[in-house]
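Asker:
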Amino acid sequence: MAFHLFGNVLTSYGTAANNRGENEGNITTLQKLLWKGEVHSTVSAEAIRWALRYYWQTAGDNYKVNRRWDDDKNDNVWENTNFSDQEYIDDDVLGFMRAEGAKEEASDEPKQKGKKASKGTTTAKRGVLEVTRAVSTTPFVGDITFNAASGQKGRTSLYGTEVHATQYQYGFAMTPERLKDQSRVIAVLDGLTALGGVAGNHSRFLYDFSPESIVLRWTQDFSPRFLYCFAADEGGEISAPELVRRVQNGDINPKELWVAGSIANSSDGEALEELGANVLTGVKTAVDNLKQIITRDLQLPQLELTT
Amino acid sequence: MRTDGQLALQVEVPIACFRQSRAREYAETYSVPPPSTVYGMLLSMVGETDRYKHRGTQLAIAMLSVPEKSTVIRTFRRFKKKDIHNPSNARPDYQELLTGCQFIVQVTAGNDVAKPTLVERLRLAFANPASINRFGGLCLGESRDLVNSITLLPENFQDELLQWLIRDEDGLLTLPIWVDHVGSRGTCWQRFDLQKACLGPTPELAWTEIQSP
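Protein chains in written order, with my numbering: chain G, 1 to 307; chain S, 308 to 520.
Rendered as structure tokens:
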């Protein structure tokens, strides 16, 4: 018997740019994919996971991270290259892999009798937290800003950047019982509700990636059934018709759902509340409520209520 | 004729990459989920980590959608230098992604000699999810490619829009039915073609047996 935590997060509205796209000439492009027949911008799961690790590094809650970001060197620094999922929260939650090459070159030549072929080794732990790619709620219409580098001008001083004013949604899944320290599920929830600096323009703009709306499910079902459930109309109105349909047709038990943020004030939010889901306007309150349920079900040390 | 040793599941995966067996730097994707990948997902669903356990299980896969293909750039990890965070161990490369993948997979015990069979374990998983001890997000392909939903279909389901993956030695799709993760000597492929369905029983050539070499 295993409890799973599933989530679908909708970020607030912001301008995303310069997010790990390739360059085409002097235009910095955004990552894009076809989504329901139209071009949408997208943010990789790695970028979200990186931001989560950085949150733990900087949150000041005594989380120990193995891969620490050094702002001065602009590089990652490992505390312990042998990894320890007992000691470090990121090794435990996000997993790791250390590959050792073969000590000598493998060869197609026949081996001498009694001599084993050389092999490499790996030390790996699959990440307990799975994060999906974030996809914009609205199609990308091709907005570009043109800019010039400051200071001395040269041949490459003029450049353009694709920007997308939109919201993103992404999903996540985890089975806390797979963690070395199960109470780290609380740190994951804290991190995901306070996430920043994912889809911005590096440090030039702040794109708040914390949830404007969120759906969480604490269940023994094997699949979330609400990934990418948020929809935005032309006026920016957010709804979740697919989520309502799934609850109505009995695929999702409403008691397992925590729905929070601006979606709570929409007609779909009201419909979900009528169907029996836990619908709250405050994301933090909803997450705190769910943390208490998780603490009870996993028999974790009692949490102190923050409210 | 459906029997107790057979079931049909509808699977929805919003974003996926079924990396082609021979793809190197440019990570192309197959346009449909290969039988080996679907078999792995079914094992994950019931919490089975021994992939040899249910060899002999037979699958029949039918597409419900034509997934859209996109290309993104991402970081790939490789082993070049012993120092784990040496920059040469990571490089950006292109990857193809499929979006909007929906399909039906029929599962029958076939030559699965394990007791209980994979089909029986899947039935139990639907009847009583709490009895399953599994871990990790249920995914198809890479671990970030989470499955959104799997639904058990009624016994008499019929859909005119199905496109069956039919075994065909002249087919244009060469898909793995067993993957050897250390080297590729043990990887087995079969050739398939996508064919429109006629209402009626599952075509005989749609059944593929999962077999290791």
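Don't be surprised by glycine CBs; every beta carbon is placed ideally from N, CA and C. Fair warning: this is a prediction, and the values are worked out from it, not measured in the lab.
Measuring CA to CA, which of Glu256(G), Lys284(G), Ala199(G) is closest to His4(G)?
Answerer: Ranking the options by Cα distance to His4(G), first place goes to Glu256(G).
Asker: Residues of chain S with CB under 9 Å from Pro224(G), in chain order?
Answerer: What Pro224(G) touches in chain S: Gly444, Leu445, Leu453, Val454, Asn455, Ser456.
Asker: Answer with yes or no whether the minimum CB distance from Trp258(G) to chain S is below 8 Å.
Answerer: Not one chain S Cβ lies under 8 Å of Trp258(G).
Asker: When the Cα of Gln327(S) is compared with those of Pro510(S), Arg385(S), Thr494(S), Gly507(S), which residue comes out closest?
Answerer: Per the Cα distances, Thr494(S).
Asker: Do Ile517(S) and Trp471(S) have their C-beta atoms closer together than 8 Å?
Answerer: No, these two residues do not count as a Cβ contact at 8 Å.
Asker: Within the 8 Å Cβ cut-off, does Asn18(G) reach chain S?
Answerer: By this cut-off, Asn18(G) is not an interface position.
Asker: Consult DSSP for Glu109(G) and reduce its assignment to one of helix, strand or coil.
Answerer: In this predicted model, Glu109(G) has a pLDDT of only 45, less than 50, meaning its place in the structure is not dependable; the value taken from the coordinates is given anyway. Three-state DSSP puts Glu109(G) in coil, outside helix and strand.
Asker: Have a look at the DSSP bridge pairing and note the partners of Asp500(S).
Answerer: According to DSSP, which records beta bridges pairwise, Asp500(S) is partnered with Ile473(S).
Asker: Which full runs of the beta strand (DSSP E) of 3+ residues lie inside the stretch 370 to 425 of chain S, going along the chain?
Answerer: If we require 3 residues or more, the beta strand (DSSP E) runs fully inside the stretch 370 to 425 of chain S come out as 375 to 384, 397 to 415.
Asker: With respect to the beta strand (DSSP E) encompassing Tyr170(G), which residues constitute its N-terminal and C-terminal limits?
Answerer: 168 to 174 is the extent of the beta strand (DSSP E) around Tyr170(G).
Asker: Excluding sequence positions up to five away, which residues of its chain have a Cβ less than 8 Å from the Cβ of Leu272(G)?
Answerer: Correct list, in chain order: Ala240, Leu243, Val244, Val247, Pro254, Leu257, Val259, Val279.
Asker: Straight-line CA distance for Gln413(S) to Leu506(S)?
Answerer: Roughly 15 Å separates the two Cα atoms.
Asker: Are there 16 or more other CB atoms within 10 angstroms of the CB of Glu476(S), so buried, or fewer, so exposed?
Answerer: Exposed, by the Cβ-count rule.
Asker: CB Gly191(G) to CB Leu52(G), shorter than 8 Å?
Answerer: Yes; because the gap between Cβ atoms is below 8 Å, this pair is in contact.
Asker: Closer than 8 Å by beta-carbon distance: list the chain G residues that pair up with Ser450(S), in chain order.
Answerer: Correct list: Arg126, Gly127, Glu130.
Asker: Which runs of the beta strand (DSSP E) at least 3 residues long sit entirely within the stretch 187 to 256 of chain G? Give them in chain order.
Answerer: Counting only runs of 3 or more, we get 211 to 219.
Asker: What residues in the stretch 250 to 275 of chain G bring their beta carbon closer than 8 Å to a beta carbon of chain S?
Answerer: Residues passing the 8 Å Cβ filter: Asp251.
Asker: If the cut is a Cβ gap below 7 Å, which residues of chain G does Thr406(S) touch?
Answerer: Leu33, Leu34, Trp35, listed in chain order.
Asker: Over the uninterrupted alpha helix (DSSP H) stretch that includes Asp90(G), give me the two end residues.
Answerer: Residues 89 to 94.
Asker: Check the Cβ of Glu375(S) against every Cβ in chain G and list those closer than 9 Å, keeping chain order.
Answerer: Correct list: Leu33, Leu34, Trp35, Lys36, Gly37.
Asker: Using 8 Å as the limit for Cβ to Cβ distance, is Arg133(G) near chain S?
Answerer: Closer than 8 Å to some Cβ of chain S, the Cβ of Arg133(G) qualifies, so yes.
Asker: Leaving aside the five residues before and after Asp90(G) along the sequence, list all residues of the same chain whose C-beta is less than 7 Å from its C-beta, in chain order.
Answerer: Around Asp90(G): Arg53, Trp56, Val65, Asn66, Arg67.
Asker: Find the nearest neighbour of Tyr333(S) within the set Asp390(S), Pro340(S), Arg381(S), Met348(S), judged by alpha-carbon distance.
Answerer: Checking every option, the nearest Cα to that of Tyr333(S) belongs to Arg381(S).
Asker: Can you give, in chain order, each stretch of the beta strand (DSSP E) that sits fully within the stretch 259 to 287 of chain G and has at least 3 residues?
Answerer: Within the stretch 259 to 287 of chain G, the complete beta strand (DSSP E) runs of at least 3 residues are 278 to 280.
Asker: Counting along the chain, where does the alpha helix (DSSP H) carrying Pro139(G) start and finish?
Answerer: From DSSP, Pro139(G) is part of no alpha helix (DSSP H); its letter is neither H nor E.
Asker: Anything in the stretch 166 to 183 of chain G with a Cβ closer than 9 Å to a Cβ of chain S? List those residues in chain order, please.
Answerer: If the cut-off is 9 Å between Cβ atoms, the stretch 166 to 183 of chain G has Gly171, Phe172, Ala173, Met174, Thr175, Glu177, Arg178 near chain S.
Asker: Just how far apart, CA to CA, sit Glu105(G) and Arg329(S)?
Answerer: At Glu105(G), the pLDDT of 46 sits below 50, so the modelled position is not reliable and the matter cannot be decided from this model.
Asker: So with CB distances below 7 Å, who are the chain G contacts of Pro321(S)?
Answerer: Residues of chain G passing the Cβ test: Leu227, Tyr228.
Asker: Under 8 Å between the Cβ atoms of Leu447(S) and Met348(S)?
Answerer: Closer than 8 Å, so yes.
Asker: Around the Cβ of Val420(S), are there at least 16 other Cβ atoms within 10 angstroms (buried) or fewer (exposed)?
Answerer: With fewer than 16 Cβ atoms within 10 Å of its Cβ, Val420(S) is classed as exposed.
Asker: Unbroken beta strand (DSSP E) runs of length 3 or more, entirely within the stretch 4 to 67 of chain G: which are they?
Answerer: Segments of the beta strand (DSSP E) lying fully in the stretch 4 to 67 of chain G: 4 to 11, 14 to 17, 32 to 35, 38 to 43.
Asker: How about Arg441(S): is its C-beta nearer than 8 Å to some C-beta of chain G?
Answerer: Arg441(S) counts as touching chain G.
Asker: So, is the C-beta of Val339(S) closer than 8 Å to a C-beta in chain G?
Answerer: Not one chain G Cβ lies under 8 Å of Val339(S).
Asker: Please return the same chain residues whose Cβ sits closer than 7 Å to the Cβ of Asp181(G), not counting the five positions on each side in sequence.
Answerer: Contacts found: Asp92.
Asker: Can you list, in chain order, the residues of its chain with a C-beta nearer than 6 Å to that of Ala2(G)? Leave out the 5 residues immediately preceding and following it.
Answerer: The residues are Thr175, Glu177.
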